[in-house]
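Peer 1: Residue numbers (this note's numbering): 228 to 479.
Glycine residues also receive a C-beta, built at the ideal position from the N, C-alpha and C atoms.
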């Protein structure tokens with residue numbers, strides 16, 4: 228019995244001591260002094276047979292270049308990963324932490340999108356920044372993302388969610404699903420600040436050219452609904468329900 232107990236005690240140590248061979252490594256761009264934040268992987272938006280990873284930079288209050296939101300696309304070519312596209316949100320001079328990023332096809336046109344929500348970080352030159360940024364694959368066989376413009380592609384669509392300056396809205400968990408079963412995808416977010424708490428958003432189109440008029444609609448939110456004040460750090464969607472997870476362990 229003593230030998231059995233001793234073996235059980237040492238088994239977790241032996242498991243933890245096992246080494247794992249790192250198959251690939253993607254170097255963090257030198258400008259990213261706090262590394263990457265959110266990412267998604269295992270996609271092939273351009274259909275060339277090469278697997279892609281999308282990643283955004285991080286912000287950890289260490290100063291430097293971390294304040295400017297940037298997004299990257301990496302593609303696997305043979306035995307290496309190459310950086311094939313990136314974009315800097317030059318109109319957002321400073322971001323905060325934990326901006327989420329997901330893949331999706333919001334307008335169901337068959338062209339995949341990278342949907343990104345840099346967290347707001349207010350300043351005199353940044354009173355109401357975009358909280359939703361959408362880059363759509365243009366369908367032209369290239370590695371680029373976004374709408375073609377002079378000087379290079381730009382986001383196909385952006386929205387601030389609120390029209391008020393210095394009004395906190397920080398999506399921390401995002402989903403794209405047809406929650407009301409009306410045939411259109413809705414964007415659903417959990418908000419880690421104390422205003423909206425959650426939101427359900429629809430959009431008329433993710434325009435290919437990025438210049439057409441877009442109608443954004445906030446279909447539902449927790450604004451003024453008296454939801455528990457504890458910070459929301461996660462959100463899930465199950466069937467037609469939105470589930471919010473609070474920092475104090477409570478669930479709404």
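Give the DSSP bridge partners of residue 470, in chain order.
Peer 2: According to DSSP, residue 470 bridges with 463.
Peer 1: Between the C-alpha atoms of residue 326 and residue 343, what's the straight-line distance to the nearest angstrom?
Peer 2: Cα-Cα distance, rounded: 7 angstroms.
Peer 1: Quick check on residue 259: buried or exposed, where buried means 16 or more other Cβ atoms within 10 Å of its Cβ?
Peer 2: Buried.
Peer 1: Between which residues of its own chain and residue 289 is the CB-CB distance below 8 angstroms, once the five residues before and five after are set aside?
Peer 2: Answer for residue 289: 260 and 261, listed in chain order.
Peer 1: Mark residue 252 as exposed unless 16 or more other C-beta atoms lie within 10 angstroms of its C-beta, in which case mark it buried.
Peer 2: Under this definition residue 252 is an exposed residue.
Peer 1: Where residue 274 and residue 339 are concerned, what is the direct C-alpha to C-alpha distance, given to the nearest angstrom?
Peer 2: One C-alpha to the other measures close to 11 angstroms.
Peer 1: Note down the Cα distance separating residue 356 from residue 469, rounded to an integer number of angstroms.
Peer 2: For residue 356 and residue 469, the distance between alpha carbons rounds to 26 angstroms.
Peer 1: Does the separation of the CB atoms of residue 297 and residue 284 fall below 9 angstroms?
Peer 2: Yes; because the gap between Cβ atoms is below 9 angstroms, this pair is in contact.
Peer 1: For residue 276, name the three-state secondary structure that DSSP assigns.
Peer 2: Here residue 276 sits in coil by DSSP.
Peer 1: In terms of residue numbering, what span does the beta strand (DSSP E) encompassing residue 375 cover?
Peer 2: Counting along the chain, residue 375 falls outside any beta strand (DSSP E), and DSSP gives it neither H nor E.
Peer 1: Across the region 389-403 and the region 449-465, are there enough close Cβ pairs to call them in contact, namely three or more that are closer than 8 angstroms?
Peer 2: The answer is yes - the region 449-465 touches the region 389-403, with three or more Cβ pairs under 8 angstroms.
Peer 1: Can you tell me whether residue 259 is helix, strand or coil according to DSSP?
Peer 2: In the structure shown, residue 259 sits in coil (DSSP, three-state: anything other than H, G, I, E or B).
Peer 1: Name the residue from 447, 249 and 266 whose alpha carbon lies nearest to the alpha carbon of residue 414.
Peer 2: Nearest option by C-alpha distance: 447.
Peer 1: Could you say which of 307, 306, 358 and 312 lies nearest to residue 547 if we only look at CA atoms?
Peer 2: Because residue 547 is not part of the residues shown, which for the chain are 228 to 479, the question remains open.
Peer 1: Pull up the CB-CB distance for residue 323 and residue 286, whole angstroms please, since I reckon it's below 8 angstroms.
Peer 2: Residue 323 to residue 286, Cβ: 6 angstroms. Contact.
Peer 1: Would you tell me roughly how many angstroms separate the C-alpha atoms of residue 360 and residue 332, rounded to the nearest one?
Peer 2: Computed Cα separation, rounded: 13 angstroms.
Peer 1: Let me confirm a value: residue 377 is counted as buried when at least 16 other C-beta atoms fall within 10 Å, else exposed. Which label applies?
Peer 2: By the 10 Å Cβ count, residue 377 comes out exposed.
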